[in-house]
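Per the numbering used here: the sequence shown ends with 1176, consecutive numbering throughout.
All C-beta atoms, glycine included, are put in the ideal place defined by N, C-alpha and C.
Scroll down for the structure; my scribbles are underneath it.
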Amino acid sequence: MRVLVLNSGSSSLKFRLFDVPGVKAGGSPQVGRAVTQGAVKGIGGTATLEIGGLEQRPVRDA
């Protein structure tokens, strides 16, 4: 299962996508690993989008 986490601010939106393994009956939840992350910054002005893998430099677009 994939889980998208959003963090909204007054002029930005940050996000991270996690890959979370399923939970078997009677088992405890497992911690997922982050797959990718990014942010939209400068909302309301000249906004930029940054997105990339966790071990890569982010790609930036205006």
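Legend entry - Within 8 Å, strictly: CB atoms of Phe1132 and Ala1153: For Phe1132 and Ala1153, no; Cβs fall outside 8 Å.
Inset, instruction - Report the option in Ser1125, Glu1169 and Leu1120 whose CA atom is closest to the CA atom of Thr1162. - result: Ser1125
Legend entry - Proximity of Val1117 and Val1145 at Cβ, strictly below 8 Å: no
Inset, instruction - Report all residues from its chain with a CB closer than 7 Å to the CB of Gly1158; omit the five preceding and five following residues, and keep chain order. - result: Ser1125
Legend entry - DSSP-derived helix/strand/coil call for Gly1166: strand
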